[in-house]
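The numbers in our numbering rise by one with no breaks, and the one at position 304 of the sequence shown is 306.
Worksheet: one structure, shown below.
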Amino acid sequence: MREAIASKLLSINRHGGIIAKQYVVVDGHEKTPLRIATHAHSDHLVSFSRSVNSGATIVGTPLTLDWVRAMGYKVPERQLMAVGYGRPIKIGDIEVVLERACHIPGSAQVIIETNDGLKAVYTSDFKKPLVETPVIEADILITDATYGNPSYVREFDDYIELILADLVRELLSKGPVYIYGYYGKIQEVMGILRREGIDAPFILPHRQYVLARIAERHGLNLGTYLHANSSEAEDVMRDGWCIYLTHINSRRRANNLGNHIILSGWEFRRPYRRISKNVWLVAFSDHADFKGLIKYIIEAKPKELIVNNVRSTCGDLFIDYVRKKLSINAFLLP
Ligand SMILES: [Zn+2]
């Protein structure tokens, strides 16, 4: 059995790009007049320069487009089209709308609708369906199934923000705290810690600082944060009451001062564990777990589910589950 409805409107190429007719490609490269960037993570910006060089207009939320350029991707101003959530773009016989997604700041889902009423939704990366990521009903739902294996479940997902804030608070009483995560996740965590009432100054290396500045300009509340090379940051570091946030691959981990928290999306058993004297692993993910993915699908009631094979794990298990347990036609593409 092949996908019957989806093939009228879209396909997925080997970069994981979702192509809607000859007009639009989402998160991949194809020779289309529009390329949509759902968010500023590199696995969604594959072959980005090829799209720019082919003259495509790059569409994204204002924050995403600013972040993409801050990360070093070059795009001439005239090729950028910043679009807020809920604002339709018409091209050919389709209409495209970006909708909010809870993942990293600026993230979007993409709704593609044809003139004759066929509606497809690409969730891109998301978490907290229904709560912070709106679930959109669609004829065709496309998702990446980041955690496609039924065993990829974090029972504590609903409380992890509180657990992380409590751990940071406790460790701060003993000295500086270092937090390691991917771009975007760091700025998300900064916002969460502020919301949970932690007001110790943040210290950020250059790129994290630039991304934070942009996110703040677009409305994120990040409180006090300092550039790691500034003299104020040196004073604060000497004082010891601060949180240093940096990329997960940073070498600061080797440092024996203070406590170190590594944010991992691949820990399922416990919300956090101590992996050495002053290093902690916290199961903080930017993606819905298996249960969250299924919840989205149940609520969206698609006639067909397409799982993007390029960016999923255990996609075959996932479509098998959806077919058998939810009785929805599900396909793995490409
Ligand atoms: Zn992502």
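Glycine residues also receive a C-beta, built at the ideal position from the N, C-alpha and C atoms.
The structure presented is a predicted model; accordingly, all values stated were derived computationally and were not measured.
For residue j and residue i, the rounded distance between their alpha carbons
{"i": "Y75", "j": "W69", "result": "9 Å"}
{"i": "D159", "j": "A290", "result": "9 Å"}
{"i": "S44", "j": "I250", "result": "15 Å"}
{"i": "L166", "j": "A84", "result": "33 Å"}
{"i": "N331", "j": "T315", "result": "19 Å"}
{"i": "G267", "j": "F292", "result": "12 Å"}
{"i": "T40", "j": "S175", "result": "39 Å"}
{"i": "V155", "j": "Y246", "result": "29 Å"}
{"i": "D168", "j": "W243", "result": "15 Å"}
{"i": "E32", "j": "A302", "result": "28 Å"}
{"i": "G19", "j": "T145", "result": "12 Å"}
{"i": "I300", "j": "V281", "result": "39 Å"}
{"i": "A230", "j": "E236", "result": "7 Å"}
{"i": "V309", "j": "I321", "result": "7 Å"}
{"i": "L143", "j": "Y149", "result": "16 Å"}
{"i": "L335", "j": "G317", "result": "9 Å"}
{"i": "Y87", "j": "Q111", "result": "9 Å"}
{"i": "G221", "j": "I188", "result": "16 Å"}
{"i": "P153", "j": "G108", "result": "The displayed chain sequence assigns Ser, not Pro, to residue 153. Rounded to whole angstroms, S153 to G108 spans 29 Å at the Cα level."}
{"i": "N311", "j": "S329", "result": "20 Å"}
{"i": "A72", "j": "S56", "result": "21 Å"}
{"i": "H17", "j": "R80", "result": "25 Å"}
{"i": "G199", "j": "L164", "result": "11 Å"}
{"i": "I264", "j": "S252", "result": "11 Å"}
{"i": "T59", "j": "L82", "result": "6 Å"}
{"i": "S51", "j": "K23", "result": "22 Å"}
{"i": "S233", "j": "K305", "result": "58 Å"}
{"i": "K279", "j": "E269", "result": "19 Å"}
{"i": "H262", "j": "L47", "result": "30 Å"}
{"i": "T248", "j": "Q210", "result": "7 Å"}
{"i": "P203", "j": "S49", "result": "37 Å"}
{"i": "R197", "j": "N223", "result": "8 Å"}
Cβ separation of residue i and residue j, assumed to be a contact under 8 Å, to the nearest whole Å
{"i": "L307", "j": "V284", "result": "Not confirmed; about 31 Å, so no contact."}
{"i": "A217", "j": "L206", "result": "Wrong, their Cβ atoms sit about 11 Å apart, outside the cutoff."}
{"i": "I93", "j": "T116", "result": "Actually they do not touch by this definition, with Cβ atoms about 11 Å apart."}
{"i": "G260", "j": "G193", "result": "Not confirmed; about 22 Å, so no contact."}
{"i": "L366", "j": "N151", "result": "Residue 366 lies beyond the residue range present for the chain, which begins at 3 and ends at 336; the question has no answer from this structure."}
{"i": "V212", "j": "L195", "result": "Contact doesn't hold; Cβ gap of about 19 Å is too wide."}
{"i": "V99", "j": "P90", "result": "5 Å"}
{"i": "T34", "j": "I21", "result": "7 Å"}
{"i": "D241", "j": "G225", "result": "Their Cβ separation, rounded to whole angstroms, is 17 Å, which puts D241 and G225 out of contact at 8 Å."}
{"i": "I114", "j": "L11", "result": "7 Å"}
Cβ-based burial, residue i [other Cβ within 10 Å; buried from 16]
{"i": "H208", "result": "exposed"}
{"i": "Y274", "result": "buried"}
{"i": "Y227", "result": "buried"}
{"i": "K327", "result": "exposed"}
{"i": "D141", "result": "buried"}
{"i": "Y298", "result": "buried"}
{"i": "E190", "result": "buried"}
{"i": "I277", "result": "exposed"}
{"i": "S287", "result": "buried"}
{"i": "R37", "result": "buried"}
{"i": "R313", "result": "buried"}
{"i": "D127", "result": "buried"}
{"i": "V53", "result": "With the sequence shown as reference, residue 53 is identified as Ser, and Val is not the correct amino acid for it. Its Cβ being crowded by 16 or more others within 10 Å, S53 is buried."}
{"i": "G2", "result": "This structure cannot speak to residue 2, because the chain is shown only from 3 to 336."}
{"i": "A147", "result": "buried"}
{"i": "K129", "result": "buried"}
{"i": "A42", "result": "buried"}
{"i": "A6", "result": "exposed"}
Ligand 1 heavy atom lying under 7 Å from the CB of residue i
{"i": "H249", "result": "no"}
{"i": "H105", "result": "yes"}
{"i": "D288", "result": "yes"}
{"i": "H17", "result": "no"}
{"i": "D291", "result": "no"}
{"i": "D127", "result": "yes"}
{"i": "H229", "result": "no"}
{"i": "H43", "result": "yes"}
{"i": "H31", "result": "no"}
{"i": "H46", "result": "yes"}
Residue i beta carbon near ligand 2 (any heavy atom closer than 7 Å)
{"i": "L169", "result": "You won't find ligand 2 in this model; what it holds is ligand 1."}
Exercise for review: Check whether the region 51-64 touches the region 123-142, counting contact only when three or more Cβ pairs, one atom from each stretch, lie closer than 8 Å.
Suggested key: No contact exists between the region 51-64 and the region 123-142.
Practice item. Report yes or no: do the region 177-186 and the region 13-32 share at least 3 C-beta pairs separated by less than 8 Å? Key: Verdict: no, contact absent.
Exercise for review: Could you tell me whether the region 132-139 touches the region 97-105, using the rule of 3 or more Cβ pairs below 8 Å?
Suggested key: The region 132-139, when compared against the region 97-105, does touch it at the 8 Å Cβ threshold.
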